[in-house]
Amino acid sequence: MSDFRRSQNEAHPNKTNTLMLAIIMLLILFVGIQIWFLFGALNNALQDNIYFALTTFIGSFLLALASFWLLRYLPDPLKKSRGKRK
Amino acid sequence: MAKKESHDRSEIPAWKSDFPISEEQATHVNRREFAKFLGLLSGALALGNGVIVIRALAFPSKPLEGEHFVCNADEVAVGEMFQFEIRGNEIIPYILIHLEEGEWRAFEQKCTHLTCAVRYREDLGKIECPCHHGFFSADTGEVLQGPPPRSLPRLEVVIKEGKVYVREEKQDKTV
Ligand code: FES
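Residue numbers (full-length UniProt numbering), protein chains in the order written: chain A, 1 to 86; chain B, 1 to 175.
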């Protein structure tokens, strides 16, 4: 019997690919911003600018949370979905 | 039945599947793993940023206390530079510059770029960092040229009875 998920997958066979690409692009964007923050914080902390370090830390932390949350949307690997599930 | 299944590929435990036999499987990084690695990297960067905050809170940089004797004023001729160190929690190298008659400057010797030792170039009247050709003003310590991101930390020089002392500058500027 065909269910919603299966017909969706059949109608849009490239969906997993697009989703994966979007997730990776977003992750790269997040990591890029974090590197920028870290670089700025390193330079500014040397000038005793604690508020800058604190702000970038909060930003970086939120971005890390967003990254972890994004990982939930990783498509399941094909091999596992075919076999039986635990 | 259970015995038969144990030979099935899907029954390979997770830790074993990390060490596959064929090289192609061992070196292959699929997109899921890559995305998870990016997530891990993101966490590590946030952690690094946190360490900076903790360091800044737990070990605030203390201003130099009191006056430190450097040398006798007649030991350093005009246009000369004198190296000295101040020992606190850590040993920090400084340079004393006799710019003109009665004009003294003291700066930290560590370049703000990658902490090379800077030196005073009398012919140019500037402080030079030989590593990547950064130049600082000998008067204020400001960056004139090159990669250093910040000006050199400066100390105040006081001359008392022919002896040179340094002390922390009075903080008039707040960043
Ligand atoms: S270390 Fe001084 S310019 Fe790079």
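Cβ atoms here follow ideal geometry from the backbone N, Cα and C, with glycine treated the same way. Given the structure is predicted, the values throughout are model-derived calculations rather than measurements.
- Non-local C-beta neighbours of B:V76 in its own chain, meaning closer than 8 Å and more than five positions away in sequence, comprise F82, L96, H98 and V164, ordered along the chain.
- When DSSP states are grouped into helix, strand and coil, B:E168 belongs to the strand group.
- In the three-state reduction of the DSSP assignment, B:R31 falls in the helix class, which pools H, G and I.
- A direct Cα-to-Cα measurement between B:P20 and B:R31 gives close to 18 Å.
- In the DSSP annotation of this structure, B:S151 is not part of any beta strand (DSSP E), being labelled neither H nor E.
- In the DSSP annotation of this structure, the continuous segment of the beta strand (DSSP E) that includes B:F82 starts and ends at M81 to R87.
- Taken atom to atom, the span from the alpha-carbon of B:R105 to that of A:A41 is near 30 Å.
- A residue is called buried once 16 or more other Cβ atoms fall within 10 Å of its Cβ, and B:V166 is buried on that count.
- Within its own chain, the residues whose Cβ lies closer than 7 Å to the Cβ of B:E80, once the five positions on either side in sequence are excluded, are H98, listed in chain order.
- Taking the Cα of B:F69 as reference, the smallest distance to any Cα among B:P148, B:Y94, B:H133 and B:A14 is reached at B:Y94.
- Per DSSP, reduced to three states, the secondary structure at A:F39 is helical.
- Among the CB atoms of chain B, none fall inside 8 Å of the CB of A:S7.
- For A:M20, a Cβ of chain B is located within less than 8 Å of the residue's own Cβ.
- Every residue whose beta carbon comes nearer than 7 Å to a heavy atom of the ligand FES appears here in chain order: B:C111, B:H113, B:L114, B:T115, B:C116, B:V118, B:C129, B:C131, B:H132, B:H133, B:G134, B:G146, B:P147 and B:P148.
- In the DSSP assignment, B:P93 forms a beta bridge with B:E85.
- Only I52, V53, R55, A56, L57, P60 and S61 from the region 51-81 of chain B bring a Cβ to less than 8 Å from some Cβ of chain A.
- Per DSSP, the continuous alpha helix (DSSP H) segment holding A:E10 begins and ends at F4 to A11.
- In chain order, I52 make up the part of chain B whose C-beta sits under 7 Å from the C-beta of A:L42.
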